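All remarks here apply to the structure that follows.
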Amino acid sequence: MIKCLLTVTLLSLAFISFAGCALVHPTDPYVVSVSEQNQTLFSPKSDSSALPDSLVTLKEAIRIALENNPDVAMARHEIKAAGARHDQAFARALPKVDVIGGYTHEMDDQRLMQPRYNGEPGVFGDDIFSANIVLSQPIFTGGRLINEIKATKLLRQAATHQLARTRKALIFNVSSIFYAILSQREVITSLVFSQKTLNEHLKRINDLIAQKKAARVDRLRTEVRIADIDQQLTQAKNILSVENRVMANLMGISDEKRSITLTGKLARESESPGNLDNR
């Protein structure tokens with residue numbers, strides 16, 4: 023009898039070993055269709071050291087942002103988490119196999135099998151082994167399992183659409199900041215030119231004052247204009263620094279020492295005959 027129990031125990035252990043070869047992710051009949059555009063969003067995040075140190079165009083900036091932006095990365099992980107919750111809900115509806123083993127040691131020998139007739143020699147022993155294989159399958163849960171599967175499927179679809187929305191919003195924000203930086207550079211160039219012109223004008227006024235051909239009030243007026251230009255130039259440079267930091271955050275660049283120079287041209291709206299008529 024002990025040999026039979028040991029044989030059952032070994033068979034149970036072998037069953038457990040083969041059961042470990044089952045698929046962790048079984049075939050899922052509730053697969054959410056994802057467009058090819060969204061499938062490209064699951065590419066692994068590139069290393070920040072691979073970011074270019076040279077000129078970066080708008081297309082390159084968008085590519086880097088899609089690969090390194092933390093909001094997009096978070097949306098990717100939300101899809102994976104939603105998929106894992108869906109797999110868990112689906113697994114709860116599948117059959118469940120449990121293997122239960124036990125061992126009992128008695129102080130006195132116990133009859134292992136009940137006698138079938140009077141005078142039957144019994145089988146006794148003080149070590150009792152037991153092994154059970156239990157197969158359970160939910161039959162009726164009031165629709166709870168089905169609704170859980172449907173809910174997790176919808177949550178995964180919502181996470182997929184949220185990723186697409188985050189991607190489009192990121193492209194819009196990167197494009198807006200990109201052209202805002204180019205526009206701010208033009209503003210700074212204009213202010214620098216005005217500053218240079220006013221300084222040259224101040225020199226001419228000083229020469230005229232030395233020749234008693236101009237009044238000091240003219241110099242004061244020019245100095246006020248120069249001070250105003252200096253203040254505008256400082257403000258414009260600060261705005262450019264903020265915009266560069268915003269662009270770096272959108273591109274997922276956390277290293278403040280890394281400098282990326284954007285290159286591009288501002289698109290000028292062509293004047294149509296209709297626009298000329300409205301003047």
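In my numbering, the protein residues as written are 23 to 301. All C-beta atoms in this analysis are idealised placements derived from N, C-alpha and C, irrespective of residue type, glycine included. Note that the structure is predicted; figures quoted are calculated from it, not measured.
In the structure shown, the three-state DSSP call for Ile282 is coil. Between the stretch 82 to 89 and the stretch 149 to 160, the count of C-beta pairs closer than 8 Å stays below three; the two stretches do not touch. The Cβ-Cβ distance between Val209 and Leu272 does not fall below 8 Å.
Each residue's CA atom was taken as its position, placing Asp93 and Ala191 some 10 Å apart. Going by DSSP, Ala95 is part of the alpha helix (DSSP H) stretching over 92 to 113. When the five nearest sequence neighbours on each side are left out, the beta carbons in the same chain lying within less than 8 Å of the beta carbon of Phe200 are those of Leu80, Ala83, Met269, Leu284, Gly286, in order along the chain. In its chain, beyond the 5 residues on either side, Asp148 have a beta carbon closer than 8 Å to the beta carbon of Asp130. Scanning the stretch 160 to 245 from its first residue to its last, the whole alpha helix (DSSP H) runs of 4-plus residues come out as 166 to 232.
For Lys118, the enclosing beta strand (DSSP E) has its first and last residue at 118 to 133. Residue burial is scored here from C-beta neighbours: Asn260 has fewer than 16 other C-beta atoms within 10 angstroms and is therefore classed as exposed. For Ala153, the uninterrupted beta strand (DSSP E) run begins and ends at 146 to 158, by DSSP. Beta-bridge analysis with DSSP links Leu77 to Thr283. With a cutoff of 8 Å on beta-carbon distance, Arg178 and Ala104 are scored as near each other.
With a cut-off of 8 Å on Cβ pairs, the stretch 212 to 225 is in contact with the stretch 243 to 258, counting three or more such pairs. One Cα belongs to Leu185, the other to Arg98, and the distance between them is close to 7 Å. Distance from the Cα of Ser263 is smallest, within the candidate group Ile231, Ser212, Asn91, Ala202, for Ala202. Around Asp120, the same chain offers Val156 as residues with beta carbons nearer than 6 Å, after the five sequence neighbours per side are excluded. Put simply, of Thr211, Arg207, Asn140 the residue whose alpha carbon is nearest the alpha carbon of Glu265 is Arg207.
For the pair Arg189 and Ile282, the Cα-to-Cα distance works out to about 22 Å.
Counting every other CB atom within 10 Å of its CB across the protein chains shown gives Leu288 a total below 16, marking it as exposed. Between Lys172 and the set Ala111, Phe215, Ser216, Ser276, the nearest pair of CA atoms involves Ala111.
DSSP, reduced to helix, strand and coil, places Ala289 outside both helices and strands of the structure shown, so it counts as coil.
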